[in-house]
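One structure is given below, encoded as structure tokens.
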Amino acid sequence: MKRCAELCASAMLAWMLAACAGGPPPRPMPTAAPAASQPRPPPAPTSGSAEQRYQEALALLKNGQRPPAQALLLTLTREYPELSGPWTTLGITQAQAKQRDAAIASFARAVAANPRNAVAHNWLGSLYRETGNFGAAEQAYRKALAAQPDYAAAHLNLAILYDVSLRRPQQALAYYRSYQQYQGGDKLIVSAWIKELEAGAPAPVSVAGVQP
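Per this note's numbering, residue 1 is the first one in the sequence shown, and the count goes up by one each step.
Okay, here's the thing in structure tokens:
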């Protein structure tokens with residue numbers, strides 16, 4: 001029987017899945033990095049100076065220069081703590097550098113500045129899931145979906161949380177299906193997980209029936 005591989009990447013990177021022939025592939029174990037989709041990005045700073053420096057930080061990150069980018073983002077968050085975007089990007093760089101506690105703190109500041117920042121909520125959910133704080137992870141993913149109901153990454157991450165961590169197959173089925181709906185086409189590996197759950201789980205509930 002062939003084995004299937006899956007890779008969860010960050011909210012800014014691609015979700016790569018490879019499905020092979022054979023029996024249903026194993027469902028994923030929790031990972032810190034949220035599955036990617038096409039979220040609406042956090043707004044850029046409105047101040048001219050802040051926006052210019054924020055764009056400089058993004059350019060540094062694009063060029064792989066994480067330390068100077070992170071230093072610039074730290075400066076921006078000190079000078080403009082009310083802006084959600086720099087906190088979010090700083091949190092992503094910290095999470096990618098395995099600075100989990102710092103990343104959680106940055107994402108918490110991001111959602112405090114903008115409670116509808118779906119990207120930051122999604123990252124918080126994945127970091128909480130990694131620490132085993134599944135209740136906080138569930139709430140963070142739900143807040144991401146409350147802010148952006150069509151955010152496919154949060155649907156998938158919540159499905160995996162219910163499936164692997166909380167063992168709630170009915171809820172997992174609902175969110176796997178909604179992920180397939182919002183991500184724009186069936187992912188074969190997710191379809192296999194759905195079929196496996198359908199074969200062994202009670203009748204699923206709809207997403208609409210799950211309280212936010």
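Ideal Cβ placement from N, Cα and C applies to all residues, glycine included.
- Message: Within a Cβ cutoff of 7 Å, which residues of the same chain sit near Tyr-128, ignoring the five residues on either side of it in sequence?
- Response: Ala-136, Ala-137, Ala-140
- Message: By the three-class DSSP mapping on this structure, what secondary structure does Gly-200 have?
- Response: helix
- Task: Give every residue of the same chain whose Cβ lies closer than 7 Å to the Cβ of Ala-159, excluding the five residues on either side of it in the sequence, and list them in chain order.
- Result: Ala-172, Tyr-175, Tyr-176, Tyr-179
- Query: Under the rule that 16 or more other beta-carbon atoms within 10 Å means buried, what is Leu-124, buried or exposed?
  - Reply: buried
- Query: Since Ala-154 is in the alpha helix (DSSP H), which residue starts that stretch and which ends it?
  - Reply: 152-160
- Message: Assess contact between the stretch 111-125 and the stretch 153-169, defined as three or more Cβ pairs (one per stretch) separated by less than 8 Å. Is contact present?
- Response: yes
- Whole angstroms is fine: what's the gap from Leu-166's alpha carbon to Phe-134's? 7 Å
- Task: Could you have a look at Asp-101 and say whether DSSP puts it in helix, strand or coil?
- Result: helix
- Message: So the candidates are Pro-149, Gln-65, Gly-200, Ala-144; which of them puts its Cα closest to the Cα of Thr-93?
- Response: Gln-65
- Residues near Pro-24 in its chain [Cβ-Cβ closer than 6 Å; skip 5 each side]: Annotation note: pLDDT 43 at Pro-24 (below 50); position unreliable, no value reported.
- Message: On the DSSP letters alone, give me the boundaries of the alpha helix (DSSP H) that Gly-91 sits inside.
- Response: 84-96
- Task: Would you decide whether Gln-183 is buried or exposed? Buried here means 16 or more other CB atoms lie within 10 Å of its CB.
- Result: buried
- Sequence-distant residues of the same chain with beta carbon closer than 7 Å to Ala-105, five excluded per side: none
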